[in-house]
Amino acid sequence: MGSTEEDTTTSKPTSLYDAASSTEPLLFKPTTGSAYPSPPIEEPPQSGPSESDPTQSLQISFNYGPRPFKDLPFLILFLLFVLCTFAFGIFSIFHRNDNYSNVSAFTYDFNSTSCVQDTSFLSSQLWVSETSFFALSSSSLWTYLVWTLVITSVLSVPLCLLLLLLLKHYTKQIVYVLLPFFIIMPVFFDVYWFVACSLSSSCSDAFPLVYRILVLVFILLIVGVIVWIIVANWHRIELTVRIIGVASDALSRNLGLFLVMPLLTVGLLAYYASIVVFLVFSRFNGKIVAKESNGEYTCVWKQDSWVPAYFTLAILTMLWSLTSMVEAQVYVTSGTIAQWYFSKDDTKPHRSIRRSLRNAFGPSSGTICLSGLLVFVVRVVRAAVDSAREDVPGIVNLVLRCCVNALMSAIDFLNKFTINFAAITGEAYCTSARMTYELLRRNLLSAVFVETVSTRLLAGVIFVLSSVYAIAVCAILKGVSDLGVNMYTVAALAWVLLILVLGFFVHVLDNVIDTVYICYAIDKDRGEVYKHEVHDVYFQLPISRNSRSSYPSRTLDV
Numbered sequence: 030m031g032s033t034e035e036d037t038t039t040s041k042p043t044s045l046y047d048a049a050s051s052t053e054p055l056l057f058k059p060t061t062g063s064a065y066p067s068p069p070i071e072e073p074p075q076s077g078p079s080e081s082d083p084t085q086s087l088q089i090s091f092n093y094g095p096r097p098f099k100d101l102p103f104l105i106l107f108l109l110f111v112l113c114t115f116a117f118g119i120f121s122i123f124h125r126n127d128n129y130s131n132v133s134a135f136t137y138d139f140n141s142t143s144c145v146q147d148t149s150f151l152s153s154q155l156w157v158s159e160t161s162f163f164a165l166s167s168s169s170l171w172t173y174l175v176w177t178l179v180i181t182s183v184l185s186v187p188l189c190l191l192l193l194l195l196l197k198h199y200t201k202q203i204v205y206v207l208l209p210f211f212i213i214m215p216v217f218f219d220v221y222w223f224v225a226c227s228l229s230s231s232c233s234d235a236f237p238l239v240y241r242i243l244v245l246v247f248i249l250l251i252v253g254v255i256v257w258i259i260v261a262n263w264h265r266i267e268l269t270v271r272i273i274g275v276a277s278d279a280l281s282r283n284l285g286l287f288l289v290m291p292l293l294t295v296g297l298l299a300y301y302a303s304i305v306v307f308l309v310f311s312r313f314n315g316k317i318v319a320k321e322s323n324g325e326y327t328c329v330w331k332q333d334s335w336v337p338a339y340f341t342l343a344i345l346t347m348l349w350s351l352t353s354m355v356e357a358q359v360y361v362t363s364g365t366i367a368q369w370y371f372s373k374d375d376t377k378p379h380r381s382i383r384r385s386l387r388n389a390f391g392p393s394s395g396t397i398c399l400s401g402l403l404v405f406v407v408r409v410v411r412a413a414v415d416s417a418r419e420d421v422p423g424i425v426n427l428v429l430r431c432c433v434n435a436l437m438s439a440i441d442f443l444n445k446f447t448i449n450f451a452a453i454t455g456e457a458y459c460t461s462a463r464m465t466y467e468l469l470r471r472n473l474l475s476a477v478f479v480e481t482v483s484t485r486l487l488a489g490v491i492f493v494l495s496s497v498y499a500i501a502v503c504a505i506l507k508g509v510s511d512l513g514v515n516m517y518t519v520a521a522l523a524w525v526l527l528i529l530v531l532g533f534f535v536h537v538l539d540n541v542i543d544t545v546y547i548c549y550a551i552d553k554d555r556g557e558v559y560k561h562e563v564h565d566v567y568f569q570l571p572i573s574r575n576s577r578s579s580y581p582s583r584t585l586d587v
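Offset between the sequence shown (1-based) and our numbering: plus 29.
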């Protein structure tokens, strides 16, 4: 760790405030010790006599030192879920009954009073399955679909890098050029579908004129809502464009994240694949038994009693793993960007991604599991409330939904920026949530502004780019193939694949925006400037009205 700490040593950043600012309150009382060591920049100068400053060790910065394990009970609980899932899954493989798929080949034998297998039926069924498989593989639609998706996957990588480069250098031009297409593209697809469906006899028979008009009007109403959102947030677009530009610059200086984030996703998919295999084999656990109905005996499959419980366990484990992996990606991104932020100008910290990965899957793994569990619970509760709308009548339904939505919104607000802060400091989840709230409140910063506008703009950008790509795919397929109407299906799937990849890119960029925001808040709290270009932009963010009366405002002279 010695060489690593030397690489991360930074020079003293520019101070924003005078010496009197050191007497302003920090997050905790001076009697409470900090749980993480300060980086080298926190050491007081040695030129004069050493004076004890009780607030010096409480200033927030990136914790480069060894971090203790936090939230261990939730890590142990998560590992217990995973171990049980894999243990029962392995048991299901060795305990399977291969006759599951051949139930129809069994007949009841009155002599033995049991079900016996008819081998001739099995061989004929296998031949039919192989024939249908090869017939499907020879389909031209299948061939064009596979090649289109493969080419889209290959092109998505340079498209993401190109988009990042454009957002870094030409953010304003990209946003203002594509902004009209937020309206043009949905209207174009809506009108095109209406006309094409009216001209097609099969489509017009399936969708009468009244239904087509309803769909046309519904899409136009959605476009009207989009127009209203743009107009309502027009005064924020200029600032949001600058925020996206700063975040793109930060992400471009840490391009290793483009390799690490997909690898984490691939690891999750491989982990999922093993659980899916376990789920498939768990269905093979049972036996074929005789069932009597009205004096007639038939052979049916009877599943073992533990299989439904295992399905529940495996699905819960998969969902918890998904949310935990998302939080882990946020953690790694935040830790990497924070190290860049608190480093010298134009220098890249040594092994910053490796350090973030080690912290994420080491000392802070319990914190990530707890955060993933909270996100998972919020999603499940909201889905349960939405599905119960018709079951609970009248005022009871309304009160229940209001209470649950209020509680879930409070948890979402609590979770906002918590993992970003935990990645920087290494604190436990509850401590990070409290410190983040106090940090933003003390510095008069809002916890919601950055998220609302930048995410919508980036979502609109990737929607337009994916739509243009889908139109290009459709035009190419029309010229080189004879798929007919099926080319729209292939183009739509290519659009879905590209928008998923670009959506993942936007997700990473959103995490960068949140991390830079927290780093800026830490800078403002400490009265220092590590990145002047960030302060030039984030200084223009609105002041939180909820904190204005409790804390005096500061003049940030950048």
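Where is the CB? At the ideal position from N, CA and C, for every residue including glycine.
Kindly identify the DSSP beta-bridge partner or partners of residue i.
| i | result |
| --- | --- |
| Ala521 | Answer is none; Ala521 lacks a bridge partner. |
| Tyr559 | Per DSSP, none; premise fails for Tyr559. |
| Lys320 | Thr327 |
| Gln332 | Gly315 |
Mind reading off the beta-carbon distance from residue i to residue j? Whole number of angstroms is fine, and I expect it under 8 Å.
| i | j | result |
| --- | --- | --- |
| Leu538 | Ile491 | Contact flag wrong, Cβ pair sits at about 10 Å. |
| Met214 | Leu297 | About 32 Å separates the two Cβ atoms, so there is no contact after all. |
| Ile542 | Ile272 | 6 Å |
| Asn126 | Asn314 | 7 Å |
| Leu196 | Gly274 | 7 Å |
Using a 10 Å radius around the Cβ and a threshold of 16 neighbouring Cβ atoms, would you call residue i buried or exposed?
| i | result |
| --- | --- |
| His198 | exposed |
| Asp552 | buried |
| Val224 | exposed |
| Cys144 | buried |
| Gln358 | buried |
| Asp278 | buried |
| Val545 | buried |
| Gln368 | buried |
| Asp415 | exposed |
| Ala235 | exposed |
| Ala116 | exposed |
| Phe163 | Note on Phe163: pLDDT 39, under 50, position unreliable in the model; the coordinate value appears next. With fewer than 16 Cβ atoms within 10 Å of its Cβ, Phe163 is classed as exposed. |
| Glu35 | Model confidence at Glu35 stands at a pLDDT of 41, short of 50, so the residue's coordinates are unreliable; what they give is reported in the following sentence. Exposed is the call here. |
| Asp554 | buried |
| His564 | buried |
| Thr181 | buried |
| Leu228 | exposed |
| Ile528 | buried |
| Gly395 | buried |
| Ser230 | exposed |
| Leu468 | buried |
| Cys432 | exposed |
| Thr465 | buried |
| Gly391 | exposed |
| Trp524 | buried |
| Gly118 | buried |
Residue range of the alpha helix (DSSP H) that residue i falls in?
| i | result |
| --- | --- |
| Gln368 | Val336 to Tyr370 |
| Gln569 | Element bounds for Gln569: n/a, residue is neither H nor E. |
| Val514 | Here Val514 belongs to no alpha helix (DSSP H), and DSSP marks it neither H nor E. |
| Ser121 | Leu101 to Phe123 |
| Pro237 | Run containing Pro237: none; DSSP gives neither H nor E here. |
| Ala457 | Counting along the chain, Ala457 falls outside any alpha helix (DSSP H), and DSSP gives it neither H nor E. |
| Pro187 | Ser169 to His198 |
| Ile212 | Phe210 to Leu228 |
| Asp278 | Trp263 to Ser281 |
| Asn388 | Ser381 to Ala389 |
> Touch check for the stretch 245 to 255 and the stretch 182 to 190: three-plus C-beta pairs under 8 Å?
Replying inline: no
> Pairing CB atoms from the stretch 276 to 283 with CB atoms from the stretch 298 to 315, are three or more of them under 8 Å?
Replying inline: Pairwise C-beta distances place the stretch 276 to 283 out of contact with the stretch 298 to 315, as fewer than three of them are shorter than 8 Å.
>> I'd like to know if the stretch 457 to 470 and the stretch 497 to 511 are in contact, where contact means that at least 3 CB-CB pairs between them fall below 8 Å.
In response: As far as the Cβ criterion goes, the stretch 457 to 470 does not touch the stretch 497 to 511, which means the pair count is below three.
> Do three or more CB pairs link the stretch 483 to 497 to the stretch 197 to 214 at distances below 8 Å?
Replying inline: yes
> Contact between the stretch 507 to 522 and the stretch 235 to 244: three or more CB pairs below 8 Å?
Replying inline: The answer is no - the stretch 235 to 244 does not touch the stretch 507 to 522, with fewer than three Cβ pairs under 8 Å.
>> Whether or not the stretch 430 to 441 and the stretch 383 to 397 are in contact is what I'm after, with contact meaning three or more pairs of Cβ atoms, one per stretch, closer than 8 Å; do they touch?
In response: no
> Is the stretch 387 to 399 touching the stretch 90 to 103, taking contact as three or more C-beta pairs under 8 Å?
Replying inline: yes
> Should the stretch 324 to 339 be regarded as contacting the stretch 259 to 271, the criterion being three or more beta carbon pairs within less than 8 Å?
Replying inline: no
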